[in-house]
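Read through the structure below, which is laid out as structure tokens, and then see the notes.
Number of protein chains: 4
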Amino acid sequence: MSAEATVELIRVRYGETDQMGHAYYANYLYWFEQARGAWCRARGFNYSDIEKLGILMPVVEVHARYRGEVHYDDAIEVKVWAGEIKRAAIKFDYEIRVQGREGVVTEGYSWHVFMSPETRKAITLPSEIREWMTRSPYPNSENMA
Amino acid sequence: MSAEATVELIRVRYGETDQMGHAYYANYLYWFEQARGAWCRARGFNYSDIEKLGILMPVVEVHARYRGEVHYDDAIEVKVWAGEIKRAAIKFDYEIRVQGREGVVTEGYSWHVFMSPETRKAITLPSEIREWMTRSPYPNSENMA
Amino acid sequence: MSAEATVELIRVRYGETDQMGHAYYANYLYWFEQARGAWCRARGFNYSDIEKLGILMPVVEVHARYRGEVHYDDAIEVKVWAGEIKRAAIKFDYEIRVQGREGVVTEGYSWHVFMSPETRKAITLPSEIREWMTRSPYPNSENMA
Amino acid sequence: MSAEATVELIRVRYGETDQMGHAYYANYLYWFEQARGAWCRARGFNYSDIEKLGILMPVVEVHARYRGEVHYDDAIEVKVWAGEIKRAAIKFDYEIRVQGREGVVTEGYSWHVFMSPETRKAITLPSEIREWMTRSPYPNSENMA
């Protein structure tokens with residue numbers, strides 16, 4: 545299995561700040577999700593392709609540790625990789641850096657189960673999608689936000 | 545047709561503010577929507593009931609005029625009424641007040657078309673739902689946020 | 545120290561759902577925050593009062609476990625209590641239930657540090673605010689959303 | 545005055561969809577704002593620079609007309625230009641297209657006043673900032689999301 549990371553570049557929106565003057569804590573979960581989408585595209589598929597094949601991937605657990613502040617207009621790099629892939633679940637790990645600043649400002653992870661949209665129950669990941677998720681990212685994977 | 549208004553009480557969230565120190569302009573559209581939901585419940589149905597009957601009500605136009613600031617923890621009253629009901633569209637009007645303060649801080653409207661989820665095309669509003677939308681609100685309509 | 549809980553009632557917004565048909569995972573963090581605000585009010589102060597006294601309470605860690613689905617228009621009860629209060633940090637615990645349904649659908653916690661807005665550094669919680677946070681909730685604490 | 549447009553490329557997030565299966569109407573206002581930020585950067589300054597000079601630009605009016613649907617993972621182009629600049633106010637116009645699809649899916653405008661953060665009152669735009677806002681975009685303005 546390849547745990548190679550994908551990095552997604554995101555510009556922090558004004559509406560993502562709060563009156564404390566930095567990014568509100570819930571927005572990091574949107575950024576994690578955007579990075580997961582980029583992680584898929586870097587491997588040649590879209591998250592929508594998974595849904596079209598009848599697999600939903602709801603989050604069952606999320607954790608984030610906020611070490612530093614992220615501000616409006618910061619260009620942040622969200623690094624994401626598959627930390628673990630089980631029969632019916634996948635864990636993504638995240639690290640967020642601010643361009644031009646040292647160190648990781650936020651780190652986190654999320655666990656997702658593979659679920660049937662009809663039964664709303666966990667299902668074993670089909671081998672085709674497993675192959676997608678364990679392949680290496682393509683060398684020239686475009687990284688448009 | 546009854547254009548009687550429903551008033552929904554909302555407490556402004558911290559995450560709805562931005563670094564300017566007041567509520568970010570997009571959040572008013574969430575509040576409008578929450579008030580539309582209350583408007584339905586005051587008339588004895590849920591917006592979900594409409595969807596269950598095969599009618600979606602996507603917004604096709606929205607307008608808001610921001611006259612005053614709304615802050616964190618403000619208790620706001622979102623007044624909503626059906627300004628116009630056409631064969632295949634409905635207009636909602638809104639006025640937002642802050643409890644304990646004079647005057648309207650924001651006013652707006654939104655136009656929604658009645659749409660089939662299958663064809664994604666506009667459809668004539670079934671008379672049953674039209675009756676729901678034109679009835680007066682129930683006297684003791686509960687107003688839980 | 546009193547770890548008595550406060551329960552905040554929230555109606556799930558349409559804009560809080562995603563195309564999977566249930567509430568998007570980031571919104572729970574908004575609900576946690578709204579419940580923290582209610583927790584303060586139940587003890588006779590507003591979160592803003594803390595800020596006015598020169599204390600910010602940024603989140604440094606958050607965790608959520610999603611056990612069941614939450615849908616549009618669900619009336620959810622967000623139970624919050626102070627699980628731990630340290631010299632310069634506080635932990636809130638959360639449990640979310642859906643009215644009319646059995647069991648906890650989501651549980652989580654968040655850690656917040658007490659921070660000076662000027663130095664952006666952790667500070668010891670002033671005893672006045674500590675007293676606010678450790679008192680019991682008022683018997684008739686209003687619970688307006 | 546130059547009304548040359550800037551185009552910002554945005555990838556629609558999963559959390560920006562709702563259970564109707566397309567982007568929720570409030571998110572377009574976030575996209576408008578992100579495009580305004582890009583419009584500033586294309587002219588050699590950041591929106592933050594304006595705030596640092598003591599000018600806030602709160603929205604006083606917004607309008608959007610939704611003509612077509614925008615879906616998860618769509619790559620959208622948000623075109624923004626200054627439709628009008630008055631002594632103490634500026635109007636931005638917007639057009640949103642989906643890459644690979646014909647036509648404008650959404651159009652809108654927003655009016656912003658120039659406001660002092662201290663007095664919270666409208667002020668005349670300083671000539672330095674007026675010059676920034678009326679200059680042509682730089683030829684190689686980077687367009688990172």
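Which chain is which? The protein sequence lines are Z, G, D and A, in order.
Okay, so the first sequence: first residue is 545 according to my numbering, each after it adds one.
Okay, so the second sequence: first residue is 545 according to my numbering, each after it adds one.
Okay, so the third sequence: first residue is 545 according to my numbering, each after it adds one.
Okay, so the fourth sequence: first residue is 545 according to my numbering, each after it adds one.
Ideal Cβ placement from N, Cα and C applies to all residues, glycine included.
As the structure is a computational prediction, the values presented were derived from the model and not from experiment.
Within a Cβ cutoff of 7 Å, which residues of the same chain sit near residue i, ignoring the five residues on either side of it in sequence?
i	result
arginine 611 of chain Z	Val648, Val649, Thr650
tyrosine 638 of chain D	Phe576, Ala579, Val622, Lys623, Val624, Glu651, Gly652, Tyr653
Short of 6 Å in beta carbon distance, which residues of its chain neighbour residue i, apart from the five on each side in sequence? Order them along the chain.
i	result
isoleucine 667 of chain A	Phe658, Ser660
alanine 619 of chain A	Arg555, Gln643
leucine 669 of chain Z	Phe658
arginine 609 of chain G	Glu651
Rounding to the nearest angstrom, what Cα-Cα distance links residue i and residue j in this structure?
i	j	result
tyrosine 682 of chain Z	tryptophan 583 of chain A	32 Å
valine 606 of chain A	glutamate 628 of chain Z	45 Å
tyrosine 569 of chain D	leucine 573 of chain Z	8 Å
glycine 581 of chain G	threonine 561 of chain Z	27 Å
threonine 550 of chain Z	lysine 665 of chain A	46 Å
glutamate 548 of chain D	glycine 652 of chain G	41 Å
leucine 553 of chain G	arginine 585 of chain D	16 Å
serine 680 of chain D	valine 604 of chain D	25 Å
leucine 600 of chain A	glutamate 662 of chain Z	49 Å
glutamate 675 of chain A	tyrosine 616 of chain A	38 Å
threonine 678 of chain D	tyrosine 591 of chain D	14 Å
lysine 596 of chain G	isoleucine 640 of chain Z	41 Å
alanine 567 of chain G	arginine 587 of chain A	28 Å
isoleucine 594 of chain D	glutamate 672 of chain D	10 Å
phenylalanine 636 of chain Z	proline 602 of chain Z	12 Å
alanine 626 of chain D	isoleucine 634 of chain D	7 Å
tryptophan 655 of chain Z	glutamate 646 of chain Z	28 Å
arginine 557 of chain G	asparagine 571 of chain A	17 Å
lysine 630 of chain A	glycine 598 of chain A	18 Å
glycine 559 of chain D	glycine 559 of chain G	15 Å
Just to confirm the assignment, what range does the alpha helix (DSSP H) spanning residue i have?
i	result
tryptophan 573 of chain Z	According to the sequence provided, residue 573 of chain Z is leucine. The question's tryptophan does not apply to it. Segment 571-586, the alpha helix (DSSP H) holding leucine 573 of chain Z.
tyrosine 591 of chain G	591-596
isoleucine 673 of chain A	671-678
What is the residue span of the beta strand (DSSP E) that residue i lies within?
i	result
tyrosine 638 of chain Z	633-642
leucine 553 of chain A	550-555
valine 614 of chain A	Element bounds for valine 614 of chain A: n/a, residue is neither H nor E.
glycine 652 of chain A	648-657
Short of 8 Å in beta carbon distance, which residues of its chain neighbour residue i, apart from the five on each side in sequence? Order them along the chain.
i	result
methionine 564 of chain D	none
alanine 632 of chain D	Val657, Phe658, Ala666, Ile667, Thr668, Leu669
With a cut-off of 8 Å on the beta carbons, I'd call residue i and residue j a contact; round off their distance for me.
i	j	result
phenylalanine 576 of chain Z	valine 622 of chain Z	7 Å
alanine 579 of chain A	valine 624 of chain A	4 Å
Where the segment 548-574 of chain G meets chain A: residues whose CB sits under 9 Å from a CB there: For the segment 548-574 of chain G, the set of positions with a beta-carbon nearer than 9 Å to some beta-carbon of chain A reads Gln563, Met564, Gly565, His566, Tyr568, Tyr569, Ala570, Asn571, Tyr572, Leu573, Tyr574 in chain order.
Interface positions of the segment 600-631 of chain G facing chain A (Cβ-Cβ less than 8 Å), listed along the chain: Listed in sequence order: Leu600, Pro602, Val603, Val604, Glu605, Val606, His607, Ala608, Arg609, Tyr610, Arg611, Glu613.
Contact set between the segment 575-588 of chain Z and chain A, restricted to residues whose Cβ is under 7 Å from the partner: Within the segment 575-588 of chain Z, the residues whose Cβ lies closer than 7 Å to some Cβ of chain A are Glu577, Gln578, Gly581, listed in chain order.
Short-range partners of chain D found in the segment 630-655 of chain G, where Cβ spacing is below 7 Å: Only those residues of the segment 630-655 of chain G whose C-beta falls short of 7 Å from the nearest C-beta of chain D would be listed, and there are none.
Interfacial residues, the segment 665-686 of chain A to chain Z, with Cβ spacing under 8 Å: Here the close residues number zero.
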